[in-house]
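Following UniProt numbering, the numbering of the sequence shown begins with 1 at its first residue and continues without gaps.
Where is the CB? At the ideal position from N, CA and C, for every residue including glycine.
The model shown is predicted, which means the values in this text are computed figures rather than measured ones.
The next block holds one structure in the form of structure tokens; read it before the comments.
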Amino acid sequence: MSLSLRRILHVARRTQIRSLASSTPVVPVETPATTLQAPNAPATWSTNQQPRPGPASSPRFEQTAMELQPNPLSAMALVNDVPVNMVHARRAVCDGGGGPLGHPKIYINLDLPGPRPCGYDNAVPSSLLLADSSALFFSYCGLRFEQVHDHH
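Below, the structure is given as structure tokens:
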């Protein structure tokens, strides 16, 4: 039995030596030190937001090609792309677009110069959305209104 064990160890050593000698040098792949949170936002924009996982953040993402993963645009910049609604009156009414995705009517005073946001925020306990959290989830309307100044 010791002869067969010696033979197995001898063959294993020879195989290991051959594999080390015939292996090609491994060129390290350069990975970016930091990953962008979104294509239009380099960092997190909220204090309770989790940053995107980096290349060596955890074993879960060790072999994941992060450049192939979905990377949607930041909603903060997308809200700014929505044009400002021009209103001829001193007061605007916002219902969030109406229908089942809207919100209750909000009246906005337009006496101050510049665009005014709707300001409707719907604080939903995240326990309704996430089972393990006790924080609030805020959804904002994002529509903006401005008064047209007619100089008659």
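Asked                                                                                                                                : Found
Nearest neighbour of V93, chosen from E62, Q50, T47 and N109 [CA to CA]                                                              : N109
Exposure label - G97; buried when at least 16 CB within 10 Å                                                                         : exposed
Supposed close pair N85, A38 - CB separation, criterion 8 Å                                                                          : That pair is no contact at about 26 Å.
Short Cβ contact (7 Å threshold) for E67 with P115                                                                                   : no
Best match in P104, Q69, A65 and D121 for proximity to G142 [C-alpha to C-alpha]                                                     : D121
Secondary structure of V84, DSSP reduced to three states                                                                             : coil
Of the listed residues T64, M76 and K105, nearest to P42 (C-alpha basis)                                                             : M76
Segments of 3+ residues assigned as beta strand (DSSP E) that fall wholly inside the UniProt domain "Zinc finger CHCC-type" (90-120) : 91-94 and 106-109
Spatially closest choice to R90 from G99, S74, H149 and R6, by CA coordinates                                                        : H149
Where R7 falls, given that 16 or more other Cβ within 10 Å makes a residue buried                                                    : exposed
Boundaries (first-last residue) of the beta strand (DSSP E) holding F145                                                             : R144 to Q147
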